[in-house]
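A.B. asks: In the numbering used here, the protein residues as written are 40 to 89.
Ideal placement from N, C-alpha and C gives every residue a C-beta, glycine not left out.
Encoded as C-alpha cells, here's the structure I'll be asking about.
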C-alpha cells in the first residue's frame, strides 16, 4: 500500500473515532442536562411535562 494512502487512512480513522467519542459525550451531557431541567421545572413550578 502506498505510504501516503496509509497515512491518510490512519489519520481518517483516528478522526472518525475521536468524532464518535466526542459526539457521544456531548449527547450524554445534553441528555442529562435536559433531564435535570425537567426535574427542576416539575419541582419549582409544579408543571407536568409530557
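When the Cα atoms are used, what is the spatial distance from residue 42 to residue 58?
C.D. replies: Distance between the alpha carbons of residue 42 and residue 58: 24 Å.
A.B. asks: So the alpha helix (DSSP H) residue 78 belongs to, where does it begin and stop?
C.D. replies: 42-84
A.B. asks: Going straight from the alpha carbon of residue 70 to that of residue 50, what length do you get?
C.D. replies: 30 Å
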